[in-house]
Amino acid sequence: MPDPSRPPASERLAELAEVVAKDFATTGRILSFDEWFELLLADPRVHARNSAQYVRDALDYFGRAQVRTPQGMVNRFGLFDRTFDDGPRLVGQERGQNELYEVLDGYCRLGRIDSLVLLHGPNGSAKSTLLECLQAGLEAYSHTDAGIAYRFAWVFPTREKGGSGIGFGSAPLREILGEESFARLSGDVIQARLTDENKDHPIYLIPRGSRQQLLREVFADDPEFVVPYTIRNGDLSARNRKIFDALLAGYQGDLRKVYQHVQIERLHLSRTYRCGLVDVEPKQAVDARSFPVTGDKAFAHLPASVTGQVMYGTQGDLVDAQRGVISFSDLLKRPYEHYKYLLTATESAHVVLDHLLLGLDVVFTGSANDINLLEFRARRAAEYQSFRARLDLISVPYLLDYRVERKIYQEQVGDLLRGVHIAPHVPRILALWGVMTRLRQPDLNKYSRKITDAMKRIGPLEKADLYAYGRVPSGLSSEEARELLAAVPSMYAEKFEHAIAKSQGTEHILGDYEGSFGASVRDLKNVLLAAASKLGSESGSDSGVGAGAGLQRGDNGRTVTVPALFEELREFLGDAVHHGWMHLAQTESGFHHLDGEGSITEFAYERWLDLSDREVREALGLVHEDRYLDLFRKYVIHASHFVKRERMFDELTGKLADPDEKFMRELEKSMDPNAKEGFRQDILARVGAWALSHPNEDPDYPVIFADYFARMREDYYRQQKETVRKGIDTLLELLKEDKLPEFDLAATEKHKAKHALEVLLGEHDGDERRERHTRESLNQTLVELSKRRY
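For the sequence shown, the UniProt record's numbering gives the first residue as 1, with consecutive numbering after it.
Next up, the structure:
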């Protein structure tokens, strides 16, 4: 039964119709040529831009923010965060975003599009995601006031209501309309309406000479804006030109009467309807064609001066992409003959079809696998040299910052694994493992001798931490740490010799930059899916890191745990036939060492144990990070005044006093028992080096001095190890029986154990969002800690 409290359907439909009508009127969906011309004069930058300027403006419209990367602070463009829809955003890849913007800005400064933007990288490095986000952003932008753009159609009225034929001086309708535009005529008095599949810019309706003079006048006070070549010199498509010329001749040169037939309409870009946004898959077919349309029924009622000519229509990917972006997926997988036309198309802004010359206003983009690019360069060297001049190559490597990559799994895991709980640290450890498969040993010859010894200490785990958090390896002097941090941007951009993996008598070239090989995000998502698909199954392994763990059934469903994740990673490593990078020779520093003792798999598993150990200690109230931090902050203040030979204000006495030498020496002994003269200067210099790559951020002392903080923690942990062991045993008993164990515990200890269990199960989180354990995943974590650490 209908709910009487709700408005009836007819009322709702009336409201909906009213909203649509208002939207139609306020968004300027339909205009006459005169109305559009007024808009051009009022805001020429918006109404005289080409596709490159439109795309650049879209990137600017959604804003940008400064983010930290291993290369320092860079811009991240808001368009790629996709706040305008619920599609998957682009995580990371700020370098590629900025290079794309620079190419577009170059087009705008040049005034023409003269190349194809080719994103290249290994499989699954987010090339397609970047282009998909760009097209989604353009579609959203085209519905905003800032993204307004127009196309036009031809409208031909009847002689009279119910009449036939058109005629140029026909009465009585012509007399009634006078000089009024036909743009808003109702359907019953329109004999024919001809749309344009090329989406010609309305400015092409202004004769070229007059248009150029007009543009010089309207941009006289805006010398920074470069009027695009196509806007200054572009012409109507062949069919539109014939209609325009026929009407102008029929009206004996009266241009205003020609403009009466022009209906300007809002141009909304659309991926679904391939309107200005086109993705072209590899295929053996041409991207545009022309065909005769004179015999088409829509043209039957046109004036004799128009229908007496042969007219052609156009169709194809290039036609659909006009005024927007075309993306050629896996471009180099096509036969060369099927894309070599792009050489002239990008240079001349037109393409030759069977019956006509098609002018283009399109941003050309594409993606290619590194291997296909290398093969093209090697096997078709002459063609590559010709094509290279028309390519803007943008590298899109795998992510090298696990702090960033883990966001992919955190954000997308809900869609991938609905109804499955992900135990704490799974996204972080999966990202860390993946990043370590992609890293390469630095070439010591490219760096200062001051850090040669420090560089020798860098293995895959140390390099991953250095990229993600600026965390230096333990055991370095302050000077070495400072110099190493300063070298991180160069390390991140380092070029290498091509990595070559040998398998079954064949050599596989894997790339000459970091991030050109390794486990892809796509691979690791599949690992997660495989782990989820085996929930509740028996473990198939009895040895090695994380073996025998199985998967757990959570309180409200099923749980993927870190040990279970490592079972799947080990299975993934068994598929070396399909992954050439798995055959790379391991280095002395542990790079490319995938499994076994001293491998990246062991490093990642140990990192999980470290995180879990700290998690349990925090829950038991045994971590005093704030205490270390307060002491260190105090030390930096005293050391700074000491180095500057300044006295400092004593809040207790209210007088100036010397820095506390005893306090500084005691803390220095716990940080570095072998601290030498100049230690304090080195501490301050290390803070300064970190600040250079982290402007506008407060010093993160636990990250900058991770080695010193680790020593302070280790000293404290050694004192508390027995307490932690008892705490873990108590928690395991609580999980098993859901009650306190029978052995004697003081009241405070009982309360502490119950509180720790509640904290680990997330019962004190409130509205805070964080990774939470289920009882089963916590039990498994505690068992592993007890077995391996206590």
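Glycine residues also receive a C-beta, built at the ideal position from the N, C-alpha and C atoms.
Only a predicted model underlies this, so the values are computations on that prediction, with no experimental measurement involved.
Inset, instruction - Pull up the distance between the alpha-carbon of His694 and that of Ser490, whole angstroms please. - result: For the purposes of this step, residue 694 is identified with residue 694 of the sequence shown, where counting begins at 1. For the purposes of this step, residue 490 is identified with residue 490 of the sequence shown, where counting begins at 1. Roughly 16 Å between the two C-alpha positions.
Legend entry - Those runs of the beta strand (DSSP E) which lie wholly inside the segment 487-532 and span at least 3 residues: 500-503, 506-509
Legend entry - Spatial distance of Asp700 from Leu732 (CA atoms): Here the question's residue 700 lines up with position 700 in the sequence shown. Here the question's residue 732 lines up with position 732 in the sequence shown. Using only the alpha carbons, I get a separation of about 35 Å.
Inset, instruction - Look at the Cβ atom of Tyr107, then the Cβ atom of Leu59, and state whether they are nearer than 9 Å. - result: Within the sequence shown, numbered from 1, the residue matching residue 107 stands at position 107. Within the sequence shown, numbered from 1, the residue matching residue 59 stands at position 59. No, these two residues do not count as a Cβ contact at 9 Å.
Legend entry - Rounded Cβ spacing between Ala499 and Gly511 (contact assumed at less than 8 Å): Taking the sequence shown and counting its residues from 1, one reaches residue 499 at position 499. Taking the sequence shown and counting its residues from 1, one reaches residue 511 at position 511. Ala499 to Gly511, Cβ: 6 Å. Contact.
Legend entry - Backbone secondary structure at Met436 - three-state DSSP: Here residue 436 refers to the residue found at position 436 when the sequence shown is read from its first residue. In this structure, Met436 counts as helix in the three-state DSSP scheme.
Inset, instruction - Check whether the segment 331-349 touches the segment 80-97, taking contact to mean three or more Cβ pairs, one atom from each stretch, closer than 8 Å. - result: no
Inset, instruction - Evaluate His578 with the Cβ neighbour count: other Cβ atoms within 10 Å of its Cβ, from every protein chain shown; 16 or more gives buried, anything less gives exposed. - result: For the purposes of this step, residue 578 is taken as residue 578 along the sequence shown, with counting starting at 1. Exposed.
Inset, instruction - Compare the Cα-Cα distances from Asp707 to each of Asp254, Gln135, Ser478, Val426 and report the closest residue. - result: For the purposes of this step, residue 707 is taken as residue 707 along the sequence shown, with counting starting at 1. The shortest C-alpha separation from Asp707 is found at Ser478.
Inset, instruction - Grab the span of the beta strand (DSSP E) containing His421 for me, first residue to last. - result: Residue numbering aside, residue 421 sits at position 421 when the sequence shown is read from its first letter. Start and end: 420-422.
Legend entry - N-terminal and C-terminal residue of the beta strand (DSSP E) that Pro207 is part of: As a first step, residue 207 is located in the sequence shown; it is residue number 207 there, counting from the start. Careful: Pro207 lies outside any beta strand (DSSP E) and carries neither H nor E.
Legend entry - Cα-Cα separation between Asp672 and Phe679, rounded to whole angstroms: Along the sequence shown, one-based indexing puts residue 672 at 672. Along the sequence shown, one-based indexing puts residue 679 at 679. Roughly 9 Å separates the two Cα atoms.
Legend entry - N-terminal and C-terminal residue of the alpha helix (DSSP H) that Asp34 is part of: Counting from one through the sequence shown, the residue named residue 34 turns up at place 34. Counting along the chain, the alpha helix (DSSP H) containing Asp34 begins and ends at 33-42.
Legend entry - Beta carbon of Gln135 nearer than 9 Å to that of Val325: In the sequence shown, the residue the question calls residue 135 occupies position 135. In the sequence shown, the residue the question calls residue 325 occupies position 325. In contact: Gln135 and Val325 (Cβ atoms closer than 9 Å).
Legend entry - Environment of Val67 [buried if 16+ CB atoms lie within 10 Å]: Here the question's residue 67 lines up with position 67 in the sequence shown. So Val67 ends up on the exposed side.
Inset, instruction - Please report how far the alpha carbon of Asn198 lies from the alpha carbon of Leu360, in whole angstroms. - result: For the purposes of this step, residue 198 is taken as the residue at position 198 of the sequence shown. For the purposes of this step, residue 360 is taken as the residue at position 360 of the sequence shown. Those two C-alpha atoms are separated by around 9 Å.
Legend entry - Close-in-space but distant-in-sequence residues of the same chain around Tyr141 (CB under 7 Å, 5 per side omitted): Translated into the one-based positions of the sequence shown, residue 141 becomes position 141. Cβ neighbours of Tyr141 beyond the five flanking positions: Ala58, Tyr61, Gly147.
Inset, instruction - Starting from the C-beta of Leu236, find all residues in its chain whose C-beta is less than 8 Å away, skip the five residues before and the five after it, and write them out in chain order. - result: Along the sequence shown, read from residue 1 onward, the residue named residue 236 stands at position 236. Excluding residues within five positions, the ones whose Cβ falls inside 8 Å are Asp200, Tyr204, Leu205, Phe244.
Inset, instruction - Please look up how many angstroms separate the CB atoms of Pro702 and Asp401, rounded, as I've assumed it's under 8 Å. - result: For the purposes of this step, residue 702 is identified with residue 702 of the sequence shown, where counting begins at 1. For the purposes of this step, residue 401 is identified with residue 401 of the sequence shown, where counting begins at 1. At roughly 18 Å, the Cβ-Cβ gap does not stay under 8 Å, so Pro702 and Asp401 are not in contact.
Legend entry - 7 Å CB neighbourhood of Arg418 in its chain, flanking five on each side removed: Counting from 1 along the sequence shown, the entry for residue 418 is found at position 418. Nothing meets the Cβ criterion.
Inset, instruction - Determine the closest residue to Trp154 out of Thr195, Leu331, Ile30, Gly654, with distance taken between C-alpha atoms. - result: Your numbering for residue 154 matches position 154 in the sequence shown. Nearest option by C-alpha distance: Thr195.
Inset, instruction - Could you name the residues that DSSP lists as bridge partners for Tyr150? - result: In the sequence shown, counting from the first residue as 1, residue 150 sits at position 150. Answer by DSSP bridge pairing, in chain order: Arg266.
Legend entry - Stretch pair the segment 28-48 + the segment 314-331: three plus CB contacts closer than 8 Å: no
Legend entry - Touch test, the segment 616-623 against the segment 753-765, Cβ-Cβ under 8 Å, three pairs minimum: yes
Inset, instruction - Tell me whether Glu597 is buried or exposed, calling it buried when 16 or more other Cβ atoms sit within 10 Å of its Cβ. - result: Taking the first residue of the sequence shown as position 1, residue 597 is located at position 597. The residue in question, Glu597, is exposed, as its Cβ has fewer than 16 Cβ neighbours within 10 Å.
Legend entry - Residue burial classification, Thr561 (beta-carbon count within 10 angstroms, cutoff 16): Here residue 561 refers to the residue found at position 561 of the sequence shown. Label assigned to Thr561: buried.
Legend entry - Range of the contiguous alpha helix (DSSP H) that encloses Arg686: Mapped onto the sequence shown, residue 686 falls at position 686. Note, Arg686: alpha helix (DSSP H), 679-693.
Inset, instruction - Determine the direct distance from the alpha carbon of Ile190 to that of Arg76, and round the result to whole angstroms. - result: For the purposes of this step, residue 76 is identified with residue 76 of the sequence shown, where counting begins at 1. For the purposes of this step, residue 190 is identified with residue 190 of the sequence shown, where counting begins at 1. Answer to the nearest angstrom: the Cα atoms are 50 Å apart.
Legend entry - the segment 113-123 in contact with the segment 368-382 per 3-pair CB rule at 8 Å: yes
Inset, instruction - Give a yes or no on whether 9 Å exceeds the smallest Cβ distance from Leu439 to chain C. - result: Considering every chain present, this structure includes no chain C. It has just one protein chain.
Inset, instruction - Mind reading off the beta-carbon distance from Val527 to Glu568? Whole number of angstroms is fine, and I expect it under 8 Å. - result: Along the sequence shown, one-based indexing puts residue 527 at 527. Along the sequence shown, one-based indexing puts residue 568 at 568. Yes, Val527 and Glu568 are in contact; Cβ-Cβ is about 5 Å, under 8 Å.
Legend entry - Backbone CA spacing between Phe152 and Val74 [nearest angstrom]: On the sequence shown, position 152 is the one that residue 152 refers to. On the sequence shown, position 74 is the one that residue 74 refers to. Rounded to the nearest angstrom, the two C-alpha atoms are 41 Å apart.
Inset, instruction - Measure the C-alpha to C-alpha separation of Gly253 and Gln213 and round it to an integer number of angstroms. - result: As a working mapping, residue 253 is identified with position 253 in the sequence shown. As a working mapping, residue 213 is identified with position 213 in the sequence shown. The straight-line gap from Cα to Cα measures roughly 20 Å.
Legend entry - Gly621 in three-state terms, based on DSSP: Here residue 621 corresponds to residue number 621 of the sequence shown, with the count starting at 1. Reduced to three states, the DSSP call for Gly621 is coil.
Inset, instruction - Identify every residue that forms a DSSP beta bridge with Ser386. - result: The count along the sequence shown starts at 1 and reaches residue 386 at position 386. Per DSSP, none; premise fails for Ser386.
Inset, instruction - Could you pull out every residue in the same chain whose Cβ sits closer than 6 Å to the Cβ of Leu611, ignoring the five residues on either side in sequence? - result: The residue labelled residue 611 in the question sits at position 611 within the sequence shown. Closer than 6 Å at the Cβ level, and outside the excluded window around Leu611, lie His425.
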